[in-house]
Amino acid sequence: MPGKSGIQSGGSQGVGVEGELSIPYRHAAGRHAERFSREMRDNRRIMGVRCSRCEAVLLPPRPYCGFCFEPATEWVEVADEGELVTFTSVQGDPDAAVFEEPRIRALIMLDGAGVHFPHVLGEVAPDDVSEGMRVKAVWSEDRNGTLSDIKYFRPI
Ligand SMILES: [Zn+2]
Numbered sequence: 671m672p673g674k675s676g677i678q679s680g681g682s683q684g685v686g687v688e689g690e691l692s693i694p695y696r697h698a699a700g701r702h703a704e705r706f707s708r709e710m711r712d713n714r715r716i717m718g719v720r721c722s723r724c725e726a727v728l729l730p731p732r733p734y735c736g737f738c739f740e741p742a743t744e745w746v747e748v749a750d751e752g753e754l755v756t757f758t759s760v761q762g763d764p765d766a767a768v769f770e771e772p773r774i775r776a777l778i779m780l781d782g783a784g785v786h787f788p789h790v791l792g793e794v795a796p797d798d799v800s801e802g803m804r805v806k807a808v809w810s811e812d813r814n815g816t817l818s819d820i821k822y823f824r825p826i
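Numbering (the working numbering), first residue to last: 671 to 826.
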C-alpha cells in the first residue's frame, strides 16, 4: 500500500513534513499458532489447548490460559461444528466498500471448545439465522493455514 505524505504548516512551529510508511514484516508465528495453522491446512482439524487449571479449551491455542493465567499444555481437537452464539449482518468493510450481499459475522461455540470462535456464515440468509442454531464448517480446497481455510459455517 503506498504511503501518503505532505508538507504541513506548523504555524509558529514552522513547516513539518508528515508521512506514513507501509512496512512489510514477517515474524515467527510461535509453536502454538504454527501447529494450529498446520492442522487446519493439512488435516482440516481445529486444535485447541486445555488449561491445566480451569480445563477450558482455548482457541486459538496459546501457552497460557487467559482466564486463570496457568499453562495450557494439553492439545485437544475440537469439532468443526457447534452452536451459533451470536451474529451480526455486515453491509460493508472498514474501508467503506459496500458488499453486494450482506455478510454474516458470527461467534460460534465449537463442540469441545471453551471459548467462542469468530467466523462468517454462508448458505443462509440473514433473516433465517438464529442464535442457538447448529452450524458446520465448509472447508476450502485451497488451504494456507489461516482462518480462511474455512470458507464459512453453514447451518446443519
Ligand atoms: Zn484456565
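Glycine included, every Cβ here is placed at the ideal spot set by N, Cα and C.
Since this is a predicted model, take the numbers as computed values, not measurements.
task = Using 10 angstroms around the beta-carbon of residue 738, count the other beta-carbons present and answer buried if the total reaches 16, otherwise exposed.
result = exposed
message = If you reduce the DSSP assignment to three classes, tell me which class residue 796 lands in.
response = helix
task = Let me know the secondary structure DSSP gives residue 717 once reduced to three states.
result = strand
request  = Just the C-alpha distance for residue 803 and residue 687, rounded to the nearest angstrom, thanks.
outcome  = 54 Å
key: Cβ-based burial, residue 707 [other Cβ within 10 Å; buried from 16]   = buried
ask   = Helix, strand or coil for residue 818 per DSSP?
value = helix
query = Since residue 744 and residue 785 are thought to touch, with beta carbons under 8 Å apart, how far apart are those beta carbons, to the nearest angstrom?
reply = 15 Å between Cβ atoms; not a contact.
query = So what does DSSP say about residue 813, is it helix, strand or coil?
reply = coil
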